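Written out below as structure tokens is the structure these notes cover.
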Ligand SMILES: Nc1ncnc2c1ncn2[C@@H]1O[C@H](COP(=O)(O)OP(=O)(O)OP(=O)(O)O)[C@@H](O)[C@H]1O
Ligand SMILES: [Mg+2]
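Protein chains in written order, with this note's numbering: chain P, 1 to 354; chain X, 1001 to 1580.
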């Protein structure tokens, strides 16, 4: 049963298309991230879902009911959603308990019930002992937890988050993103999460919608977005990758310096000029071809290397080829610059992109 | 229109699904009505008085157009002379104010001069003593022969005549400079607070000493602020009514405001209007100039983030600096205040400090016997308080509309709110008189006309403060209320209002205090039934009843100090010394 559907959603500011013809279907209880670089229209999309911004074309529907369209929108207060803002927007004139209880008060929940519910939710976010504090007396992470509690206490139909972790330091960010995921597993609230941080999106989401220049380029589960990017933008934005071009020939695909039989690929578009994305992590350097089984051996030499602590960053040049491929290797796999090596390539990991 | 539940019920209070948008009827666009309402109010209180002023200046009796009034208003050398005199006075005042304020501001912000807090307080005190009151104080101090300073001089030297004469251009400039230097002080300190020590260190490293650094690096950085302050002081001084009326008339040094009064009291509102318009034009163009200057990029160096600031160590010079600061406070605050207090409790102020000269009879007379004094006091508080509320309420709603982009054309409303800033009080008064004194409204002599005129006059301060207050509240604070199901009104009531409370109290005081002391506008609009304290004080000065005047002035000061002290408690000590 679909809960939230964006249909050809478009928003322009003057002549500028901030959100361009976005289609997205978010299922009940699903956690979907909008991931993309700064200015790609994530916040604008989220604010349209919340009802703070009206679309210029297209619509937003919940269970088939139109909430927003170019001809009129339901105001935010009537949507039964919750939102966590980038600034947290915790009300400094109210205590933690009052902040969390405000949504219940608006819904006219009787005081005794509300009190129980507030305590329950504050416990969920591990803030039960701080209910009487004022926001000014809280740390950034604690404020974040209050914002979370305030948003989930009303059992929203949809939970919206706009870069909720961008103001926190790195450690806290990691802690809070597993916290957000944990809460989602427990409550299964339909969630739209805006971020420009791919690790955050990966760690929290059921599916990621990658946005670029107002458009959605791909919507898939995190590991698919990573391993099977559909477009050059998605492949380049998420993780590091090698882009290599190739030509389709009879029965084979010809790269610069080597060719691979066509039947070794999982799916090949039927066009002559191809571009592939190849993750450095999906490549392996070996000393001799003998150790490679099942993969294609490509001879060449190491032209550059950088040690990054958790792994080596090699640049590998195949024999008779102008390609310079980035290859990641474990710290113990040491190759000198200039030494010959064999690259183990699994054609199934070559992803053809548009 | 039945409510249904979204998703599964997860065991908690179920969430009501909103009604579908399709059912919403597109209702009448009420925003236009709101805009019209506020535009109408602003036209009534801002635009109409000025239009009437312009109209009076060019209209003939039978409704035709004429430039006659302009010819008359500028045909006599006396009228021209007043204009030139005014400019000279304004320039002199601005120059004196800069000499007084810039060293003090630098010493208070950037050096280890002792008693910096005390100096700041005296600067504030110099400003909250109404200028007409210090003018009277200075008459008692430096009136020809009879003034205290002259008596001391004659006693010390045996000279037959005193050497000071307050009834002179120099006297006029001294009194105004000692009151208005506040503005340069505030502008300059704010600018200095943004100059980081690193900029000065850079010069020191290159071998410049502290004095050279101050002149070569620091001074140029704050020059735009100083010039801005000079312009404000020039404009304030040429628009001031009380000091010239007390000093310039006996000095036979006519200025524009005294000339305007003369036209006005001869019932020639048309001539007054024609004569006032150049003053309005000067004000508008100078303020335009100031804006243009501040907008230029030289100032943005100062606008950057401050960086670290260390205090300059003055060594023995710190005492010289403190001596200078002390001298300024003595001249601006303590001397005028002392002689006024002495007068308030003396049988005759000229007989000096002696026990047999002490009396409470003036206090008694003002509080219990004089018919007009207590009512005037009550009116001052009432009118100023009401005007402050009205100005703030109006400004706040408009600022909210503009900041939250609720209406198209909000900027027009904002512009009208700020427009009275360029209208000198005396011109506003003539405009109000022309617009609302005659029938059909016939508001002359009523409380309403004074309250509304005060409201108009202080609307810009109210608007600036409202915008500043609202800017400090993140929009998301309100959006958080709305997404949880509260309407805009609930967001305003439960979040915006409580968060604005403190800055609104500050703003109210910033409006109330000047309104309570206001003379330039009130003098033209008041009659026997709506006479406020400032006007009564001015009447007493014309009659030479300085002892009773001193008691009245004391009352006004006591109210002012109480209100300002409350402000200190609630909003913090700095709220009046910040650049608005
Ligand atoms: N009210 C507005 N008026 C004009 N342009 C706007 C407005 N709001 C957003 N934009 C523009 O629309 C584009 C998308 O903005 P949006 O805030 O949605 O980006 P974002 O993806 O959230 O970026 P970030 O990661 O920086 O928050 C930007 O180029 C922005 O300048
Ligand atoms: Mg954003």
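Built from N, CA and C at the ideal position, the CB exists for glycine as well.
Bear in mind that the values here come from a model prediction, so they are computed numbers and not experimental data.
Any chain P beta carbon closer than 7 Å to residue i
{"i": "residue 1477 (chain X)", "result": "yes"}
{"i": "residue 1406 (chain X)", "result": "no"}
{"i": "residue 1495 (chain X)", "result": "yes"}
{"i": "residue 1025 (chain X)", "result": "Only weak support exists for where residue 1025 (chain X) lies, its pLDDT of 36 falling under 50; the value from the coordinates is given anyway. No, because no Cβ of chain P sits closer than 7 Å to the Cβ of residue 1025 (chain X)."}
{"i": "residue 1006 (chain X)", "result": "Here residue 1006 (chain X) scores only 34 on pLDDT, less than 50, and its place in the model is too uncertain to base an answer on."}
Any chain X beta carbon closer than 7 Å to residue i
{"i": "residue 103 (chain P)", "result": "yes"}
{"i": "residue 83 (chain P)", "result": "yes"}
{"i": "residue 91 (chain P)", "result": "yes"}
{"i": "residue 32 (chain P)", "result": "no"}
Continuous alpha helix (DSSP H) stretch holding residue i: start and end
{"i": "residue 142 (chain P)", "result": "140 to 152"}
{"i": "residue 1081 (chain X)", "result": "1077 to 1110"}
{"i": "residue 314 (chain P)", "result": "Unbroken run through residue 314 (chain P) is the beta strand (DSSP E), 312 to 318; no alpha helix (DSSP H)."}
{"i": "residue 1531 (chain X)", "result": "Careful: residue 1531 (chain X) lies outside any alpha helix (DSSP H) and carries neither H nor E."}
{"i": "residue 127 (chain P)", "result": "Careful: residue 127 (chain P) lies outside any alpha helix (DSSP H) and carries neither H nor E."}
{"i": "residue 177 (chain P)", "result": "170 to 187"}
{"i": "residue 1190 (chain X)", "result": "1169 to 1192"}
{"i": "residue 1321 (chain X)", "result": "1317 to 1329"}
{"i": "residue 1380 (chain X)", "result": "1373 to 1403"}
{"i": "residue 334 (chain P)", "result": "No alpha helix (DSSP H) holds residue 334 (chain P); DSSP gives it neither H nor E."}
Chain-ordered neighbours of residue i on chain X, where CB pairs are closer than 8 Å
{"i": "residue 76 (chain P)", "result": "1479, 1482, 1483"}
7 Å Cβ cut-off: residues of chain P touching residue i
{"i": "residue 1486 (chain X)", "result": "77, 106"}
{"i": "residue 1474 (chain X)", "result": "87, 89"}
Contact check, residue i vs residue j, beta carbons under 7 Å
{"i": "residue 1132 (chain X)", "j": "residue 1536 (chain X)", "result": "no"}
{"i": "residue 151 (chain P)", "j": "residue 159 (chain P)", "result": "yes"}
{"i": "residue 1137 (chain X)", "j": "residue 1328 (chain X)", "result": "no"}
{"i": "residue 177 (chain P)", "j": "residue 203 (chain P)", "result": "yes"}
{"i": "residue 216 (chain P)", "j": "residue 351 (chain P)", "result": "no"}
{"i": "residue 18 (chain P)", "j": "residue 41 (chain P)", "result": "yes"}
{"i": "residue 1373 (chain X)", "j": "residue 1381 (chain X)", "result": "no"}
{"i": "residue 1045 (chain X)", "j": "residue 1402 (chain X)", "result": "no"}
{"i": "residue 1157 (chain X)", "j": "residue 1426 (chain X)", "result": "no"}
{"i": "residue 1086 (chain X)", "j": "residue 1255 (chain X)", "result": "yes"}
Option in the options with minimal Cα separation from residue i
{"i": "residue 44 (chain P)", "options": "P:193, P:96, P:105", "result": "P:193"}
{"i": "residue 1269 (chain X)", "options": "X:1054, X:1491, X:1489", "result": "X:1054"}
{"i": "residue 1502 (chain X)", "options": "X:1485, X:1468, X:1475", "result": "X:1468"}
{"i": "residue 1474 (chain X)", "options": "P:138, P:90, P:325", "result": "P:90"}
{"i": "residue 346 (chain P)", "options": "P:53, P:312, P:281, P:335", "result": "P:281"}
{"i": "residue 243 (chain P)", "options": "P:272, P:24, P:323", "result": "P:323"}
{"i": "residue 1344 (chain X)", "options": "X:1078, X:1211, X:1111, X:1549", "result": "X:1549"}
{"i": "residue 294 (chain P)", "options": "P:188, P:32, P:343", "result": "P:343"}
{"i": "residue 277 (chain P)", "options": "P:327, P:161, P:154, P:185", "result": "P:327"}
{"i": "residue 76 (chain P)", "options": "P:47, P:57, P:181", "result": "P:47"}
{"i": "residue 316 (chain P)", "options": "P:286, P:18, P:290, P:223", "result": "P:286"}
{"i": "residue 231 (chain P)", "options": "P:119, P:110, P:274, P:58", "result": "P:274"}
{"i": "residue 1321 (chain X)", "options": "X:1109, X:1463, X:1566, X:1375", "result": "X:1109"}
{"i": "residue 283 (chain P)", "options": "P:290, P:271, P:296", "result": "P:296"}
{"i": "residue 30 (chain P)", "options": "P:65, P:102, P:219, P:206", "result": "P:206"}
{"i": "residue 184 (chain P)", "options": "P:156, P:353, P:68", "result": "P:156"}
{"i": "residue 24 (chain P)", "options": "P:272, P:339, P:210, P:279", "result": "P:210"}
{"i": "residue 1115 (chain X)", "options": "X:1326, X:1100, X:1140", "result": "X:1326"}
Unbroken beta strand (DSSP E) run spanning residue i, endpoints
{"i": "residue 59 (chain P)", "result": "57 to 62"}
{"i": "residue 1070 (chain X)", "result": "Per DSSP, residue 1070 (chain X) belongs to no beta strand (DSSP E); it is in the alpha helix (DSSP H), 1068 to 1073."}
{"i": "residue 190 (chain P)", "result": "190 to 195"}
{"i": "residue 1569 (chain X)", "result": "Unbroken run through residue 1569 (chain X) is the alpha helix (DSSP H), 1546 to 1571; no beta strand (DSSP E)."}
Within chain P, partners of residue i - CB distance below 9 Å
{"i": "residue 1499 (chain X)", "result": "91, 92, 93"}
Chain X residues whose Cβ lies nearer than 9 Å to that of residue i
{"i": "residue 50 (chain P)", "result": "1479, 1482, 1483"}
Proximity test, residue i beta-carbon vs ligand 3 heavy atom, cut-off 6 Å
{"i": "residue 53 (chain P)", "result": "Because ligand 3 does not appear in the structure shown, any question about it cannot be addressed here, the ligands present being ligand 1 and ligand 2."}
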